[in-house]
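Novice: In our numbering, the protein residues as written are 28 to 664.
The beta carbon of each residue, even a glycine, is placed where N, CA and C say it ideally should be.
1) For residue 323, is the classification buried or exposed, using 16 other Cβ atoms within 10 angstroms of its Cβ as the cut-off for buried?
2) Comparing alpha-carbon positions, which option in 536, 143, 379 lies nearest residue 475?
3) Expressed to the nearest angstrom, what Euclidean distance is found between the alpha-carbon atoms of residue 124 and residue 364?
4) Hey, could you find the ends of the alpha helix (DSSP H) residue 211 is sitting in?
5) Going along the chain, which residues of its own chain have a beta-carbon closer than 7 Å to the beta-carbon of residue 34, five neighbours each way excluded?
6) Quick check on residue 352: buried or exposed, where buried means 16 or more other Cβ atoms within 10 Å of its Cβ?
7) Using DSSP bridges, identify the partner residues of residue 399.
8) Taking all protein chains shown into account, decide if residue 96 is buried (16 or more other Cβ within 10 angstroms of its Cβ) or exposed.
9) So residue 279 is in the beta strand (DSSP E); what residue range does that whole segment cover?
10) Who are the near neighbours of residue 587 in its chain, counting only those whose CB is closer than 7 Å to its CB and skipping five residues on each side?
11) Would you identify the three-state DSSP class for residue 404, choosing helix, strand or coil?
12) Measuring CA to CA, which of 188, 469, 117, 311 is closest to residue 157?
13) Counting C-beta neighbours from all protein chains within 10 Å, is the total for residue 362 16 or more, i.e. buried, or is it exposed?
14) Can you have a look at residue 415 and say buried or exposed, based on whether 16 or more other CB atoms are within 10 angstroms of its CB?
15) Would you mind working out which of 609, 105, 548 sits nearest residue 282, comparing C-alpha positions?
16) Taking a contact to mean a Cβ-Cβ separation below 7 Å, would you say residue 622 touches residue 653 in this structure?
17) Check the DSSP bridge columns for residue 306 and list the partner residues they point to.
18) Residue 660: which of 153, 67, 200, 171 sits nearest, CA to CA?
19) Going straight from the alpha carbon of residue 488 to that of residue 533, what length do you get?
20) What are the boundary residues of the beta strand (DSSP E) that residue 413 is part of?
21) With distances taken between CB atoms, is the gap from residue 536 to residue 576 smaller than 7 Å?
22) Going by DSSP in three states, residue 389 sits in which element: helix, strand or coil?
23) Which whole-angstrom value is the C-beta distance of residue 294 and residue 391, which I expect to be below 8 Å?
24) In three-state DSSP terms, what is residue 324?
25) To which residues of the same chain is residue 349 closer than 6 Å at the C-beta, ignoring the five residues directly before and after it?
26) Just curious, the alpha helix (DSSP H) that residue 474 is in, first and last residue?
27) I'd like the span of the beta strand (DSSP E) that includes residue 97, first residue to last.
28) Grouping DSSP H, G and I as helix and E and B as strand, with all else coil, what is residue 659?
29) Between residue 280 and residue 303, how many whole angstroms is the CB-CB distance? I'm expecting something under 8 Å.
30) In the structure shown, what three-state DSSP assignment does residue 673 receive?
31) Let me check understanding here. Comparing Cα to Cα, which of 146, 215, 194, 298 lies closest to residue 183?
32) Using the beta-carbon count (16 or more within 10 Å), is residue 461 buried or exposed?
33) Within a Cβ cutoff of 6 Å, which residues of the same chain sit near residue 242, ignoring the five residues on either side of it in sequence?
34) Give the straight-line distance between the Cα atoms of residue 246 and residue 64, rounded to the nearest whole angstrom.
35) Pull up the distance between the alpha-carbon of residue 610 and that of residue 298, whole angstroms please.
36) Closest to residue 384 by C-alpha separation, out of 190, 445, 427, would be which residue?
Now the structure itself:
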C-alpha cells in the first residue's frame with residue numbers, strides 16, 4: 028500500500044512536470060529570413076544552373092517549396108527594402124529613387140512592429156537601407172535589436188522569434204564593382220580551393236563578349252554566390268545546434284536581380300526576378316498550401332506580399348493600408364494573375380520603367396527610352412567588367428546583341444522568359460504576340476491609374492512636396508495630382524514621328540507644369556529633323572517657369588543645335604544648389620556628343636564641398652568619360 032502511494036505520488040509529480048513543460052512550450056512558429064543580395068535565380072543550382080555550386084540552397088529547395096515566379100518590387104537595394112519592410116510598393120510612397128529618404132505617413136510601420144505586438148522577439152542582422160526619412164525611429168519601432176550581433180539568442184525563454192540575417196557576400200561590390208584585388212581578398216581567399224569556380228567553368232550570357240577578360244570578371248558572380256551558400260550553411264548549423272530547426276519556418280530570397288551589367292538597376296526580368304524558397308519543419312507543414320516538400324510553385328509572389336503574410340502567420344491583424352497577398356494560412360489570398368513592378372533612379376542614373384508580368388511574359392514600358400540599358404551609374408562604371416565592355420564597344424568588338432545595351436531602348440519590350448531566359452528577343456512587333464501585348468498594356472494602364480504612381484512626378488517635384496507632406500498622401504489628392512492627365516502625357520514619351528511630335532509640342536502649352544515636363548521629355552526621343560520643325564516651341568520653353576521643363580528643353584536644343592542660350596542655362600543648372608536640378612542637368616550632359624563646353628563647369632561642381640553623392644557621382648562619370656579622372660573603386664555603395 029505504501030509502495031502504491033509512493034508510485035502514485037511519483038506519477039502525479041511526473042504529470043505535473045509534464046503539464047508545466049507543456050504550458051511553457053512555444054505555440055507559435057519561429058520565423059527565420061535568410062536574405063542575400065543582388066542574385067538572380069538562374070545563377071543557383073536548384074533553378075537549373077548546373078555550373079553553379081549551391082548545395083545548401085539546393086537542399087532547402089529539395090526539402091521545402093521553390094518558387095519560380097518571385098519578383099522584387101524594385102531593381103536596386105533601397106527601393107526593394109522599403110517595399111519589404113513596409114509592405115507598401117515604392118510607387119505609392121515615393122521610395123523608388125535609390126536612397127532618396129523621403130517621409131512616409133506615421134501610420135505606416137515596419138511590419139515587425141506588428142509581430143512584436145503578438146509577442147515575437149524581432150531581430151535584424153544587419154542591413155536596413157529602408158529609404159525613408161527618420162529611419163532611426165522607424166528601426167527602433169520595428170526591431171528589438173538591429174545590429175551585426177542581432178540574433179534569436181536575445182529573446183526571452185520560450186518567446187517566438189522573427190530573425191533576419193542578410194548576407195552581403197553576393198553583393199555587387201563582390202560580383203563586379205570593387206577591384207579584382209579587393210574581390211580576391213574578400214571572396215576568393217575565403218573559399219576552400221575545392222569550392223572555387225574557374226573562369227572556363229560556366230556558360231556566358233549571350234549579351235556579353237565571351238573573352239578571357241570578361242570570363243575572369245564574370246567568374247566573380249559564381250564564386251560570390253558560392254561563398255554566400257557556405258555562409259548560409261553556417262547559419263543553419265547554428266539554428267540546428269540551438270535546437271530550433273524543428274520549430275522554425277525558413278524563408279530564403281534575394282533582394283533583387285543579379286549585380287551585373289544589364290541586371291540590377293534595369294527594369295527587365297533580370298533586374299526583378301529573384302530566387303525564393305520557403306522551408307517548413309514537420310510541425311508547421313500544414314501551413315503550406317503548395318504541396319509536399321520538394322514541390323515547385325509557379326504562384327506569382329512579390330515583396331508587397333511579405334508583410335501581410337508574416338502578420339497573418341503570427342495571427343496578427345493585417346492593417347488596411349497593406350494590399351499585398353497573404354500567401355499561406357487560414358487567410359490565404361487568391362492567387363494573382365499579374366504583378367506590377369517598378370524601376371526608378373539608381374544613384375546618379377535617372378530612369379522610369381514600369382513592368383507587368385504574368386510570370387512567363389515580362390512587358391516593360393520605358394518612359395525615358397533615350398537612356399540606354401547601360402546608362403551611366405557610377406557604381407557600375409567603376410567596375411572592370413564595365414570598362415572591358417565599353418572598350419570592346421569602342422573598338423567594334425561586339426555583335427549586334429552585345430552592342431544593344433549601349434544604345435537607346437525601345438519604348439516597349441516584351442520577353443517570353445520560358446523561351447528567352449536572357450531577354451534577347453523583343454516580341455513587341457511580332458504579330459503572334461499581339462494579344463498578349465495588348466493585354467499587358469491594358470493591365471499596366473489599369474494598375475498605374477489605381478495606384479496613382481507618384482513617380483510620374485520629376486524627383487525635383489517629389490523633393491519639394493516632401494517639405495510639406497508625404498508623397499504617399501499627396502498622390503491621393505486629385506486636385507493636386509491629376510494623375511490620369513499626367514499619365515496620358517507621359518505615355519507619349521518614346522513615341523516617335525510627326526503625329527507624336529505634334530502631341531508632345533501641344534503639351535508644352537498645357538497649364539499643368541507636369542504635363543509640360545512630359546511633353547518636353549517626349550521630344551527627347553524625336554530625331555533632329557522633327558526637332559528642327561518644332562524648334563521655336565523649345566526655344567519658348569527655355570523661359571518656362573518650371574525648372575525641369577527648362578533643363579530638358581535646353582538639353583535638346585544644345586544636343587542638336589549647339590544652342591548658346593541653352594549652353595548657358597545648362598551650365599547654370601549644373602551648379603544649382605538644388606541637388607535634383609543639378610543632377611538632371613549633369614545627367615543630360617553625359618549623353619551629349621559634344622561635352623567639351625561643360626568640362627570646366629563639371630570640374631567646378633565636383634570640387635564643391637556641399638554636393639550630395641548623386642551629383643558627385645554624375646560629375647565623376649562625366650570626368651571619367653573624357654579621361655580627366657580614373658574610373659576606380661574607391662568607395663563601396
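Specialist: Short version:
1) Residue 323 is classed as exposed because its beta carbon has fewer than 16 other beta carbons within 10 Å across all chains shown.
2) 379
3) 27 Å
4) Its alpha helix (DSSP H) spans residues 207-213.
5) For residue 34, the predicted model reports a pLDDT of 49, less than 50, meaning its position is unreliable and no value from the coordinates is stated.
6) buried
7) Bridge partners of residue 399: 435.
8) Buried is the call here.
9) 275-281
10) 555, 558
11) coil
12) 117
13) exposed
14) Its Cβ being crowded by 16 or more others within 10 Å, residue 415 is buried.
15) Checked all of 609, 105, 548; the closest Cα to residue 282 is 105.
16) yes
17) 277
18) 200
19) Residue 533 has its alpha-carbon roughly 22 Å from the corresponding atom of residue 488.
20) Unbroken run through residue 413 is the alpha helix (DSSP H), 411-421; no beta strand (DSSP E).
21) no
22) Residue 389 carries a strand assignment under DSSP once its states are collapsed to helix, strand and coil.
23) Residue 294 to residue 391, Cβ: 5 Å. Contact.
24) strand
25) For residue 349, same chain residues with a beta-carbon under 6 Å away, outside a window of 5 residues either side, are 114, 334, 335 in chain order.
26) 461-478
27) Residue 97 -> beta strand (DSSP E) spans 92-98.
28) coil
29) About 4 Å; that satisfies the 8 Å criterion.
30) No statement about residue 673 is possible, as the shown extent of the chain runs from 28 to 664 and does not include it.
31) 146
32) exposed
33) Within the same chain, Cβ atoms closer than 6 Å to the Cβ of residue 242 are found at 226, the five residues on either side in sequence being excluded.
34) 17 Å
35) Rounded to the nearest angstrom, the two C-alpha atoms are 24 Å apart.
36) 445
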